[in-house]
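**Q** Okay, so the sequence shown: first residue is -14 according to our numbering, each after it adds one.
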Amino acid sequence: MAVSNEKKGDVVGTGCGAAYYVQLYVVVSGKGRETFIKSLLDHILLEHDKASASDDTVTRIYQFNVKQSYWDCTGADAPRPMNTVVLDDKYKTKLLTDVKDFLAKDTASFYKKHGVPYRRGYLFYGPPGTGKTSMVRALAGVLKKKLMYSTF
-14 MAVSNEKKGD
-4 VVGTGCGAAY
6 YVQLYVVVSG
16 KGRETFIKSL
26 LDHILLEHDK
36 ASASDDTVTR
46 IYQFNVKQSY
56 WDCTGADAPR
66 PMNTVVLDDK
76 YKTKLLTDVK
86 DFLAKDTASF
96 YKKHGVPYRR
106 GYLFYGPPGT
116 GKTSMVRALA
126 GVLKKKLMYS
136 TF
């Protein structure tokens, strides 16, 4: 087996640093090489899934890189507790209940059965500093979801 890890192309600015593409080449010869490569890739994917599995101690933050067309992990923060968001509890409860209901398996099945696109949107509005981002971060933390945003 031979393995080569190569940087490809020029360094590209990503908006939060510089990056370059990396390609990994694995060459295997001999009998059973297809089976070996498949089991190697399965192992790599399994380990990647374990490493990127939901971690209760952090909320992973991703930003869409428009120039490169991919989601880039820009960091991880401790989840923001919902009780630190300054908003009437009845509105927080109503929003959290709605999001949890939408994420339930039965809801996805209902949408699929009725041919309705399975998506949900919320519009938070107000001047800067009024808690819009704080609410989104708290929701992501409570629901153990990745925080993904894009700026265009």
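Just so you know, even glycine gets a beta-carbon here, dropped at the ideal spot from N, CA and C.
1) Give the secondary structure of tyrosine 6 by DSSP, where H, G and I count as helix, E and B as strand, and everything else as coil.
2) Need the endpoints of the alpha helix (DSSP H) that leucine 72 sits in, please.
3) Check whether the region 73 to 89 and the region 54 to 65 touch, using three or more Cβ-Cβ pairs below 8 Å as the test.
4) Check this for me: beta carbons of methionine 133 and tyrosine 47, under 8 Å apart or not?
5) Which residue marks the beginning of the alpha helix (DSSP H) containing arginine 122, and which one marks its end?
6) Sort Gly114, Lys79 and Met(-14) by Cα distance to phenylalanine 21 and report the nearest one.
7) Report the rounded CA-to-CA distance for lysine 58 versus phenylalanine 49, giving the unit in angstroms.
8) Which residue from Leu9, Val101, Lys79 and Gly111 puts its Cα closest to that of leucine 124?
9) If you follow the alpha helix (DSSP H) that phenylalanine 95 is in, where does it begin and where does it stop?
10) To the nearest whole angstrom, what separates the beta carbons of leucine 72 and glycine 116, a pair I think is in contact under 8 Å?
11) Kindly list the residues whose CB is nearer than 6 Å to the CB of tyrosine 103, restricted to its own chain and excluding five residues on each side of it in sequence; keep chain order.
**A** The relevant details are as follows:
1) In the structure shown, tyrosine 6 adopts extended strand secondary structure according to DSSP, grouped into three states.
2) It is not in any alpha helix (DSSP H) - leucine 72 carries neither H nor E in the DSSP assignment.
3) As far as the Cβ criterion goes, the region 73 to 89 does not touch the region 54 to 65, which means the pair count is below three.
4) Their beta carbons are under 8 Å apart, which means methionine 133 touches tyrosine 47 by this criterion.
5) Boundaries of the alpha helix (DSSP H) around arginine 122: 117 to 128.
6) Residue Met(-14) is the option with its Cα nearest to phenylalanine 21.
7) The question names lysine, yet the displayed sequence has cysteine at residue 58. Cα to Cα, the separation comes out at about 9 Å.
8) With respect to the C-alpha of leucine 124, the residue from Leu9, Val101, Lys79 and Gly111 having the closest C-alpha is Lys79.
9) Bounds of the alpha helix (DSSP H) holding phenylalanine 95 are 90 to 98.
10) Yes, leucine 72 and glycine 116 are in contact; Cβ-Cβ is about 6 Å, under 8 Å.
11) Once the five neighbours on either side are set aside, the close Cβ partners of tyrosine 103 are Ala93 and Tyr96.
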